[in-house]
Amino acid sequence: MGPLVPDFIGEEFNLIAALIIGIAFGYILEQAGFSSSKRLAGVFYGYDFTVLRVFFTAGVTAVVGIILLEQFSLIDADFIFINPTWLYPAIAGGVVMGFGFILGGYCPGTSICAAAIGKKDAMIFVLGALAGVFLFAELFPYLAEFYDSSYLGAVKVYESLSISRGLFIIILIPVAVAAFYFTTKIEKKVSRDADGHSFKSGRHFGFAAVLIAITLVLALLPEKREQLMEEAKTLAADPASAYPVMDSDELAFRILEEDHTMHVFHITTEDSKDTMMLPGSEQIGLNMIAAKEGSVLLGSTFAKKILVAEDENTEKVAYQLASLMGFNNLYILKGGMAEFRNSIFARENIELVRQSDVVLADFRADACTRIEKMILAAQSGPVKTASVKKVKGGC
Numbered sequence: 298m299g300p301l302v303p304d305f306i307g308e309e310f311n312l313i314a315a316l317i318i319g320i321a322f323g324y325i326l327e328q329a330g331f332s333s334s335k336r337l338a339g340v341f342y343g344y345d346f347t348v349l350r351v352f353f354t355a356g357v358t359a360v361v362g363i364i365l366l367e368q369f370s371l372i373d374a375d376f377i378f379i380n381p382t383w384l385y386p387a388i389a390g391g392v393v394m395g396f397g398f399i400l401g402g403y404c405p406g407t408s409i410c411a412a413a414i415g416k417k418d419a420m421i422f423v424l425g426a427l428a429g430v431f432l433f434a435e436l437f438p439y440l441a442e443f444y445d446s447s448y449l450g451a452v453k454v455y456e457s458l459s460i461s462r463g464l465f466i467i468i469l470i471p472v473a474v475a476a477f478y479f480t481t482k483i484e485k486k487v488s489r490d491a492d493g494h495s496f497k498s499g500r501h502f503g504f505a506a507v508l509i510a511i512t513l514v515l516a517l518l519p520e521k522r523e524q525l526m527e528e529a530k531t532l533a534a535d536p537a538s539a540y541p542v543m544d545s546d547e548l549a550f551r552i553l554e555e556d557h558t559m560h561v562f563h564i565t566t567e568d569s570k571d572t573m574m575l576p577g578s579e580q581i582g583l584n585m586i587a588a589k590e591g592s593v594l595l596g597s598t599f600a601k602k603i604l605v606a607e608d609e610n611t612e613k614v615a616y617q618l619a620s621l622m623g624f625n626n627l628y629i630l631k632g633g634m635a636e637f638r639n640s641i642f643a644r645e646n647i648e649l650v651r652q653s654d655v656v657l658a659d660f661r662a663d664a665c666t667r668i669e670k671m672i673l674a675a676q677s678g679p680v681k682t683a684s685v686k687k688v689k690g691g692c
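In this note's numbering, the protein residues as written are 298 to 692.
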């Protein structure tokens, strides 16, 4: 997937990209009127709601853009950085910032924007902010315990409300449209110079109708990963589907020979219990195959990728999901780990095989002993899991 992937912009260009984005962001803020303390404070006094409309516009644009990009596999939403939440410190910080916003007419970002175009009140505000940073740093030893309290992690609004993403969209966008309408009405009543007097009602009602229609479409769209998973399960349930398979004996032989042209992936599900990991295998969740972790691990072109799970049905779902993602050279383990254990690790079964095929029985007995030693050696170290560096950022 394209944007917002790790190292999409190299380390050497990070500051250049940040400079370009910062200039663009500042320009947009200034054009939206955010360099005016009178306009910014207007949202608190009820005569100018430009700030509210800009925030809602940004939120709606982000929601629509992310969902559409995700549907076209141009972005992996799991790799969008979400600032972690510390609840009580966030509330305290919001109160402090709110008082400063009302008294000075600026928030930290807009004060920089206004100072950049030479506004003296904004420059004083920036100096005050720097003094506040210094004061906080000096008092931090006394505030450290509170600063690290009530950690909630990366919270998503719809998850905290225990509602689906689709329902949240249905709520958010109509609320934004209603906010645009009612704030414009208020502005027209309290100010003769309000921007709302120049708005053309027909055009805005038409845009609102289109936006609400988009809301309904987006709310009905399943998440891309869920959509792929359902399609993979349907294909896996089709008896006509064919799969390249590797039997237990061949896999055991390749493990013993330390075949570097083969990668073994242990597929886990939410219901998976702690199961035996084969030597050299890497663990990846079934639902992670369609995420960036899957792209990193399964994206190699030439290596044989052996998908191993407790049962063959899970392997088939993983195979179909990986195929839908465009990965190749995929194989499944015949019968899953259940058959591998019965063939390689069940010594009573090996003795039964010895009655008809001594060579095969000797191989399995030797493989059993050697692979068990390899597993014990591997258990002393960390389990290999899919690990990908996430993009970090935020303000």
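In this text, a Cβ means the ideal position worked out from N, Cα and C, and glycines have one as well.
Please report the straight-line C-alpha distance between residue i and residue j, rounded to a whole angstrom.
i       : j       : result
Leu-312 : Glu-456 : 34 Å
Val-361 : Ala-473 : 13 Å
Leu-673 : Ile-641 : 16 Å
Glu-309 : Ile-318 : 16 Å
Pro-541 : Leu-630 : 9 Å
Tyr-628 : Met-543 : 7 Å
Ser-684 : Asn-584 : Residue placement at Ser-684 cannot be trusted, given a pLDDT of 49 that sits under 50; the coordinates are not used to answer.
Ala-475 : Phe-502 : 11 Å
Ala-658 : Arg-651 : 5 Å
Leu-316 : Ala-411 : 17 Å
Tyr-478 : Ser-538 : 54 Å
Ile-372 : Ile-364 : 9 Å
Val-507 : Leu-513 : 10 Å
Pro-405 : Met-671 : 57 Å
Glu-609 : Val-655 : 28 Å
Phe-353 : Val-340 : 13 Å
Ile-320 : Asp-556 : 52 Å
Gly-582 : Leu-518 : 24 Å
Ile-388 : Ser-578 : 45 Å
Ser-461 : Ala-355 : 21 Å
Phe-322 : Ser-332 : 12 Å
Ala-434 : Ala-428 : 10 Å
Over the uninterrupted alpha helix (DSSP H) stretch that includes residue i, give me the two end residues.
i       : result
Gly-273 : Residue 273 falls outside the range modelled here, since the chain spans only 298 to 692, and no answer is possible.
Glu-435 : 417-444
Leu-627 : Run containing Leu-627: none in the alpha helix (DSSP H); it sits in the beta strand (DSSP E), 627-630.
Gly-390 : 384-401
Gly-339 : 334-342
Gly-406 : 405-413
Ile-470 : 462-487
Ser-457 : 454-457
Closer than 6 Å by C-beta to residue i: which residues in its own chain qualify, once you throw out the five before and the five after it? Chain order, please.
i       : result
Ala-675 : Pro-576
Tyr-385 : Ser-446, Ser-447
Ser-459 : none
Cys-692 : Residue placement at Cys-692 is poorly supported in this model, since its pLDDT is 49, which falls under 50; the coordinates still yield a value, given next. Within the same chain, Cys-692 has no close Cβ partners at all.
Gly-463 : Ala-516
Val-351 : Ala-329
Thr-382 : Leu-449, Val-452
Lys-687 : Residue placement at Lys-687 is poorly supported in this model, since its pLDDT is 49, which falls under 50; the coordinates are not used for a value here.
Arg-644 : none
In terms of residues, what are the limits of the beta strand (DSSP E) holding residue i?
i       : result
Lys-602 : 601-605
Ile-377 : Per DSSP, Ile-377 belongs to no beta strand (DSSP E) and is neither H nor E.
Glu-669 : Note, Glu-669: premise wrong, no beta strand (DSSP E); alpha helix (DSSP H) at 655-676.
Leu-621 : Leu-621 -> not in any beta strand (DSSP E); alpha helix (DSSP H) instead, spanning 609-621.
Glu-645 : Glu-645 -> not in any beta strand (DSSP E); alpha helix (DSSP H) instead, spanning 644-651.
Glu-309 : Careful: Glu-309 lies outside any beta strand (DSSP E) and carries neither H nor E.
Met-448 : Residue identity differs from the one stated: residue 448 is Tyr in this sequence, not Met. Per DSSP, Tyr-448 belongs to the beta strand (DSSP E) from 448-450.
Ile-372 : Where Ile-372 is concerned, there is no enclosing beta strand (DSSP E), given that its DSSP letter is neither H nor E.
Ile-581 : 579-582
Near residue i, what residues of its chain come up, given a Cβ to Cβ distance below 7 Å and the 5 sequence neighbours on each side ignored?
i       : result
Met-559 : Arg-551, Ala-600, Lys-601, Ile-603
Gly-330 : Arg-336, Thr-347
Arg-667 : Leu-553
Ser-488 : Tyr-344
Excluding the five sequence neighbours on either side, which residues of its own chain have a C-beta within less than 8 Å of the C-beta of residue i, listed in chain order?
i       : result
Lys-521 : Glu-367, Gln-368, Ser-370, Ala-587
Ser-408 : Gly-401, Ala-419, Phe-422, Val-423, Ala-426
Phe-624 : Gly-591, Leu-595, Gly-596, Lys-602
Ile-509 : Ile-470, Pro-471, Val-474
Met-622 : Leu-525, Ile-586, Ala-587, Gly-591, Ser-592, Leu-595
Ala-505 : Val-474, Phe-477, Tyr-478
Ile-511 : Val-361, Ile-470
Val-357 : Leu-469, Ile-470, Ala-473, Leu-508
- Message: Tell me whether the segment 525-535 and the segment 557-568 touch, counting them as touching only if at least three CB pairs, one residue from each stretch, are closer than 8 Å.
- Response: Not touching, per the Cβ criterion.
- Which ranges would you report for the beta strand (DSSP E) in the segment 505-566 if only whole runs of at least 3 residues count? Annotation note: the segment 505-566 contains the following uninterrupted beta strand (DSSP E) runs of length 3 or greater, listed N- to C-terminal: 559-565.
- Can you find at least 3 beta carbon pairs, one from the segment 611-624 and one from the segment 534-548, that sit closer than 8 Å? Yes: at least three Cβ pairs fall under 8 Å.
- Take every Cβ of the segment 387-403, pair it with every Cβ of the segment 461-475, and state whether three or more of those distances are shorter than 8 Å. No, because fewer than three Cβ pairs between the segment 387-403 and the segment 461-475 fall closer than 8 Å, the two stretches do not touch.
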